[in-house]
Ligand code: BTN
């Protein structure tokens with residue numbers, strides 16, 4: 127099947143945020159599904175929940191993909207997030223980084239350090255998705271100096287230097303694979319693979335809220351993104367986005 131993501135690419139030197147740029151494009155006119163907007167430098171890169179995404183120019187990939195997942199209902203929107211996370215984990219495997227895991231909702235970690243972040247901004251009409259801007263930041267050639275202690279990069283993990291443009295195409299290839307799975311309704315395969323790679327699914331994880339520590343395992347992630355956990359006493363609870371700090 128023909129790929130969708132990355133057939134058309136807009137390459138920018140600098141922009142505030144590729145997600146914001148993509149949203150503006152969508153307001154003004156129609157664009158082909160799969161259009162990628164990439165920038166060498168973002169002056170105001172955005173992260174999840176209003177955080178700032180910093181990346182040194184030319185060291186990381188920062189790009190956004192315009193998708194039209196009209197086949198998903200609003201309550202299924204997290205399936206897109208699952209598919210994108212899995213595409214990134216698979217890309218890392220191809221680069222010989224075989225231990226990539228996903229920290230709910232969609233951070234990608236290697237050796238418990240963050241290597242990639244995803245910011246998906248959806249537009250809805252009634253009960254259906256109309257379009258999504260999928261923003262992705264991947265630390266590729268970043269060194270220790272440019273990164274927080276909690277982050278890593280492909281170069282730090284493999285000791286190699288990468289051509290950013292070639293890596294963008296490679297990532298798009300893996301994103302395409304999982305997006306096509308989604309489009310063809312392979313929801314349960316995507317969910318199973320997501321759970322398999324999820325921090326806290328196979329072994330318990332420590333969560334902290336109001337200075338109280340809980341040890342729990344992930345039982346389930348719903349199609350709408352809500353996560354069900356179970357503590358060591360067998361008590362089940364749902365965690366909201368950023369409600370708990372996950373220790374890892
Ligand atoms: C996160 O982990 O908090 C999400 C980070 C997402 C960063 C990417 S970089 C490209 C795109 N443009 C943005 O402003 N943010 C996303």
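Residue numbers (the numbering used here): 127 to 374.
Every residue gets a Cβ at the ideal spot worked out from N, C-alpha and C, and that includes glycine.
(1) Using the C-alpha atoms, what's the distance from residue 167 back to residue 138?
(2) Tell me, please, whether the region 149-156 touches the region 334-352 by the rule of three or more beta-carbon pairs shorter than 8 Å.
(3) Taking the Cβ atom as the reference point for each residue, do residue 267 and residue 241 lie within a distance shorter than 8 Å?
(4) Kindly examine the ligand BTN and report whether one of its heavy atoms sits closer than 7 Å to the Cβ of residue 244.
(5) Does the beta-carbon distance from residue 178 to residue 171 come in below 8 Å?
(6) Closest to residue 354 by C-alpha separation, out of 339, 374, 324, would be which residue?
(7) So for residue 207, helix, strand or coil by DSSP?
(8) Take residue 322 and list the residues in its own chain whose beta-carbon comes closer than 7 Å to its own, dropping the five residues that flank it on each side.
(9) Inspect the beta-carbon positions of residue 205 and residue 316 and report whether they are closer than 8 Å.
(10) Closest by CA to residue 253, which one among 218, 269, 229, 198?
According to the data block:
(1) Cα to Cα, the separation comes out at about 8 Å.
(2) no
(3) no
(4) yes
(5) yes
(6) 324
(7) helix
(8) none
(9) yes
(10) Comparing Cα positions, the closest option is 198.
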